[in-house]
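Counting along the sequence shown from 1, when you hit position 159 you're at 159 in the UniProt record's numbering, and nothing is skipped either side. Beta carbons are placed, not taken as given, at the ideal position from N, Cα and C, and that holds for glycine. Here the structure is a predicted model, which is why all the values come from computation and not from measurement.
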Amino acid sequence: MTAATVTRGLVDIRNVHKSFHGTEVLRGVDLTVQPGEVVALLGPSGSGKSTLLRTINHLETVDAGSVTVDGEFIGYELRHGKLHELREREILQRRTQVGIVFQNFHLFPHLTAIENVIEAPIALKRLSKSDALELARGLLDRVGLAHKADAYPRQLSGGQQQRVAIARALALQPKVLLFDEPTSALDPELVGEVLDVIRDLAKLGTTLVIVTHEIGFAREVADRVVFLDDGRVIEQGSPDEVLSRPRHPRTREFLAKVL
Ligand code: ADP
Ligand code: MG
Numbered sequence: 001m002t003a004a005t006v007t008r009g010l011v012d013i014r015n016v017h018k019s020f021h022g023t024e025v026l027r028g029v030d031l032t033v034q035p036g037e038v039v040a041l042l043g044p045s046g047s048g049k050s051t052l053l054r055t056i057n058h059l060e061t062v063d064a065g066s067v068t069v070d071g072e073f074i075g076y077e078l079r080h081g082k083l084h085e086l087r088e089r090e091i092l093q094r095r096t097q098v099g100i101v102f103q104n105f106h107l108f109p110h111l112t113a114i115e116n117v118i119e120a121p122i123a124l125k126r127l128s129k130s131d132a133l134e135l136a137r138g139l140l141d142r143v144g145l146a147h148k149a150d151a152y153p154r155q156l157s158g159g160q161q162q163r164v165a166i167a168r169a170l171a172l173q174p175k176v177l178l179f180d181e182p183t184s185a186l187d188p189e190l191v192g193e194v195l196d197v198i199r200d201l202a203k204l205g206t207t208l209v210i211v212t213h214e215i216g217f218a219r220e221v222a223d224r225v226v227f228l229d230d231g232r233v234i235e236q237g238s239p240d241e242v243l244s245r246p247r248h249p250r251t252r253e254f255l256a257k258v259l
């Protein structure tokens, strides 16, 4: 193995740079996530949190640096000592290892809850419809929505839609699950039911990276809090270290605003 293929964690982000139209939004990010770890990613709006999450399943390419999941490069691969871009089919395959849940649920509106959940395992993992349905029923049960399997997204509350989105992300049995502000679009009374599902996943040992402004929740479930500011990780540590005794002035300023 060459130095570049030695990985330290399940997710390994090294010196990642990313610009949009000449503006650098990720400025050399390093982040390692260990199997079973729950990482809360915090930072002000515009600091690059969503962009960073999106690089982990190749919804964004990186300009420099590398992202690996379980030792496999996302988007690129080292061949003969050089990074080669992967073909679309390879990217889709690798993407199945990383689940993502967005702020606005992104369910297919014309499909029922259970149809939303079975779509990816059938299309990407070639599961038979009956196996996919069995898997999906189990997952909907796990998020407390077995009784809503045949409902369309518009017939569900925001909290229920987000729980379907979580079941759908789990259907590919990803190695890591990413959450991008999963409760930010919800009415306050619906936040708890979604956090309960995420808390259960954390307890089961699922590897999670969660972008959230729910500081209390981050403190409770995260093994590690990572603070991103202006495209750089400026502070990380245990929830107590970062949230109770932040060292960096920018972290203090942010916490003063959200707490
Ligand atoms: P955060 O999630 O922390 O709020 P983002 O990663 O969404 O931050 O955005 C970081 C910066 O990159 C912002 O200035 C945003 O406007 C910009 N940005 C994000 N995505 C794009 C894009 N597709 N095209 C142009 N600019 C983008
Ligand atoms: Mg964002």
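L133 to P121 span [Cα, whole Å] = By 1-based counting over the sequence shown, the position of residue 133 is 133. By 1-based counting over the sequence shown, the position of residue 121 is 121. Each residue's alpha carbon lies about 10 Å from the other.
Euclidean distance between Cα positions of A136 and S130 | The residue given as residue 136 occupies position 136 in the sequence shown. The residue given as residue 130 occupies position 130 in the sequence shown. If you take the alpha carbons of A136 and S130, they lie about 10 Å apart.
Option in K257, D70 and G48 with minimal Cα separation from E181 = In the sequence shown, the residue the question calls residue 181 occupies position 181. Nearest option by C-alpha distance: G48.
In angstroms with no decimal places, state the Cα-to-Cα distance between E88 and A256.
-> Walking along the sequence shown from the start, residue 88 turns up at place 88. Walking along the sequence shown from the start, residue 256 turns up at place 256. Taking the straight line from one Cα to the other gives about 44 Å.
Following the continuous alpha helix (DSSP H) through T68, name the residue where it begins and the one where it ends.
-> The count along the sequence shown starts at 1 and reaches residue 68 at position 68. Under the DSSP assignment, T68 falls outside any alpha helix (DSSP H), being part of the beta strand (DSSP E) whose first and last residues are A64 to V69.
Rank V226, L10 and A222 by C-alpha distance to the C-alpha of K203 and give the top, closest one.
-> Against the sequence shown, residue 203 aligns to sequence position 203. Per the Cα distances, A222.
Apart from the five residues just before and just after E24, which ones in its own chain have a Cβ nearer than 8 Å to its Cβ?
-> Here residue 24 is taken as the residue at index 24 of the sequence shown, counted from 1. So the qualifying residues of the chain are H17, K18 and G231.
Residue burial classification, F102 (beta-carbon count within 10 angstroms, cutoff 16) = For the purposes of this step, residue 102 is taken as the residue at position 102 of the sequence shown. F102 should be labelled buried.
Reduced DSSP category for S244 - H, G, I as helix; E, B as strand; rest coil | In the sequence shown, residue 244 corresponds to position 244, counting from 1. In this structure, S244 counts as helix in the three-state DSSP scheme.
Tell me which same chain residues have a C-beta within less than 6 Å of the C-beta of S184, skipping the five on either side of it?
-> Here residue 184 is taken as the residue at index 184 of the sequence shown, counted from 1. Closer than 6 Å at the Cβ level, and outside the excluded window around S184, lie Q103.
Rounded C-alpha distance that separates M1 from L243 = Against the sequence shown, residue 1 aligns to sequence position 1. Against the sequence shown, residue 243 aligns to sequence position 243. In this prediction, M1 scores a pLDDT of 42, lower than 50, which makes its location untrustworthy; no coordinate-derived value is stated.
Using only the heavy atoms of the ligand MG, determine whether one of them is closer than 7 Å to the beta carbon of D230.
-> Sequence index remark: in the sequence shown, residue 230 carries index 230 (1-based). Not so, every heavy atom of the ligand MG lies at least 7 Å from the Cβ.
So which of L83, G22, I118 and G43 has the shortest CA-CA distance to H248?
-> Here residue 248 refers to the residue found at position 248 when the sequence shown is read from its first residue. Closest by alpha carbon: G43.
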